[in-house]
Each structure stands twice: as C-alpha cells, then as structure tokens.
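Engineer: One structure, pasted below without further comment.
Given below as structure tokens:
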C-alpha cells in the first residue's frame, strides 16, 4: 500500500509552503485524501512531483530557453510605456523579444528607415532573424553586433527567477561612420530584396547617427539596467498574482 504523507512531510519533500501544497492539490498537480480534518498525500504522487520539478529545472548557464508563456511571464502592458520613454530619452530604437527573436512589444522610437523595412513581410522577417541571432550570443553583458540592415545593436537578457525569459534590444545606430559608397550599395541591395524604393530608403537612412565610445558604454549600461528593471517588474507582478491566488485557494479549500 502506498505510504501516506502529512502536509508537513510534503512541505519538507517539495520545499514549499503549506499554501502552495493546497494550491497544487486544488489544481490537480498533487493527489491527496482527506482523513478527518487533515490531508494525507500518497508518497508516489509527491515523488512524481519531484521528478517533474527536476525535468523542468532551469537550463544550464549559457543555455537559452524561451518559456512557453513569455507574454504571461512579462507584463507587456507595463513594460511598453517604460520602454517607449526610455528609448526616446536615450535616442535609440528598442524592442523586447522572446529568445526566438519574436517581438513581444512594439518597437519604440523606431527610425523611418527601419519602419520602411519593417513595413514589408520580408523585411520584418529579416529583423526577427537578426534578433534571433542576437539572442544566441553567449555573452552575459551587452555587446554590439551588426544587423541585416547594417546598423549596430545590442541586447540584455531579462532573467526572471534565474531563467532567461526574454531580451531587450537596442539599435538603429552606427558605432563607426559607414563608408558612403559601401552604405549606398547596401541600401540598394536592401531596397531590391524587400521591394522598396532605393531613393526613399536612402533619404531615410540615419547614416549620421554615429555614437561616440562614451555613448556606446552608456547605452550598454542603460540596456542592462532597464532589462533588470523589467525583470523586477515581472517578479513583483508574479508575486502579487501568487498572493491573490493564495487568498482564493485558502478561501475555497475546506
């Protein structure tokens, strides 16, 4: 016969509080039987929970994994206005994406050149591919890379509970002045590839937006701080929702 464990024993096994035990009982993750006024839990059910927890453990350091519910982990409606104001203040384009490069927010402070490219299906996909490549970079700190459109950009990971849940990307600038002839040739290629007017795209090119070394360092620092702030906002929201769920659970458990 399967051994029955007390609530305190289950707490010790799973390293969670009593309220969490009741919540898992209510949502079906944990099986239990009520004997008199007390709950008892089959050891096999508790051990199954331990196995699931081990399988769902965070990825090893340096390994990226996108949570299935990135939009639930991150309160996008809260992050968007903060991102908008910050990007305008620092004078860069910014977007928050998941670890596959898919945008979670609207792009903040986007320049006309990028808007023209993003306005095409192929151009938007090219941007997403660039963001995906950026997400795969192993560096913990923001580093500058070149996107498909020739701009420099960098990212900072948004880590929630030790897991890389998304990333904050800043870009649409140059770190060194581009060669005029090479830049014009690149613009011609972009226009042809995405079905755009080369003349219009060239007129919109922010080729004079070249950042000094000191501005680059400031942007890298700002990017990391803003990503950390997004993580804190997400954790505080999750904590609030958890407390509300605990109240609901305590109110409904007999």
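In the numbering used here, the protein residues as written are 3 to 256.
Glycine residues also receive a C-beta, built at the ideal position from the N, C-alpha and C atoms.
Using DSSP with H/G/I as helix, E/B as strand and the rest coil, what is residue 31?
Structural biologist: coil
Engineer: For residue 228, which of 36, 85 and 26 has the nearest alpha-carbon?
Structural biologist: 85
Engineer: Residue 39: which of 26, 8, 32 and 31 sits nearest, CA to CA?
Structural biologist: 8
Engineer: Hey, is residue 187's beta-carbon within less than 8 Å of any beta-carbon in chain D?
Structural biologist: You won't find chain D in this structure, because it holds only one protein chain.
Engineer: Is the number of C-beta pairs between the stretch 194-211 and the stretch 134-149 that are closer than 8 Å three or more?
Structural biologist: no
Engineer: Just list the residues that DSSP pairs residue 153 with in beta bridges.
Structural biologist: Answer by DSSP bridge pairing: none, since residue 153 is not bridged.
Engineer: Secondary structure at residue 6, three-state DSSP: helix, strand or coil?
Structural biologist: strand
Engineer: On the CB-based measure, 16 or more other CB atoms within 10 Å of its CB, does residue 132 come out buried or exposed?
Structural biologist: By the neighbour-count rule (16 or more Cβ atoms within 10 Å), residue 132 is buried.
Engineer: Beta carbon of residue 5, beta carbon of residue 31: below 8 Å?
Structural biologist: no
Engineer: Examine the Cβ distances between the stretch 231-240 and the stretch 162-181 and report whether three or more of them are shorter than 8 Å.
Structural biologist: yes
Engineer: Take every Cβ of the stretch 176-187, pair it with every Cβ of the stretch 111-131, and state whether three or more of those distances are shorter than 8 Å.
Structural biologist: no
Engineer: Considering only C-alpha positions, which residue in the set 76, 14 and 48 is nearest to residue 236?
Structural biologist: Distance check between residue 236 and each of 76, 14 and 48 places 76 closest, using alpha-carbon atoms only.
Engineer: What does the alpha-carbon distance come out to for the pair residue 135 and residue 246?
Structural biologist: 38 Å
Engineer: Just how far apart, CA to CA, sit residue 58 and residue 28?
Structural biologist: In this prediction, residue 58 has a pLDDT of 41, which is less than 50 and means its spatial position is unreliable; what the coordinates show is noted afterwards. The alpha-carbon atoms of residue 58 and residue 28 are separated by roughly 21 Å.
Engineer: Please return the same chain residues whose Cβ sits closer than 7 Å to the Cβ of residue 189, not counting the five positions on each side in sequence.
Structural biologist: 200, 203, 204 and 207
Engineer: Would residue 157 be called buried (16 or more neighbouring beta carbons within 10 Å of its own) or exposed?
Structural biologist: buried
Engineer: Please classify residue 244 as buried or exposed, where buried requires at least 16 neighbouring CB atoms within 10 angstroms.
Structural biologist: exposed
Engineer: Could you check if residue 128 is buried or exposed, using at least 16 other CB atoms within 10 Å of its CB as the buried criterion?
Structural biologist: buried
Engineer: Return the chain-ordered list of same chain residues with a C-beta closer than 6 Å to the C-beta of residue 41, the five sequence neighbours on each side being excluded.
Structural biologist: 9 and 34
Engineer: Across which residues does DSSP place residue 36 in a beta bridge pair?
Structural biologist: Answer is 41.
Engineer: What number of angstroms, rounded off, separates the C-alpha of residue 195 from the C-alpha of residue 78?
Structural biologist: 32 Å
Engineer: By Cβ distance, which residues of its chain are closer than 6 Å to residue 71, with the 5 residues on each side in sequence left out?
Structural biologist: The predicted model places residue 71 with a pLDDT of 43, which falls under 50 and marks its position as unreliable; any figure quoted below should be read in that light. The beta carbon of residue 71 sits closer than 6 Å to no other beta carbon from its chain once the five residues preceding and following it are set aside.
Engineer: Can residue 134 be considered in contact with the ligand GTP, in the sense that its beta carbon sits closer than 7 Å to one or more heavy atoms?
Structural biologist: Summarising the ligand content, the structure contains no ligands, and the ligand GTP is consequently not present.
Engineer: Please report the distance separating the alpha-carbon of residue 155 from that of residue 241.
Structural biologist: Taking C-alpha positions only, residue 155 is separated from residue 241 by approximately 33 Å.
Engineer: By Cβ distance below 8 Å, which residues in the same chain neighbour residue 80 in space, the five residues on each side in sequence not counted?
Structural biologist: 235 and 239
Engineer: By how many angstroms is the C-alpha of residue 125 removed from the C-alpha of residue 2?
Structural biologist: Given a span of 3 to 256 for the chain in the structure shown, any question on residue 2 remains unanswerable.
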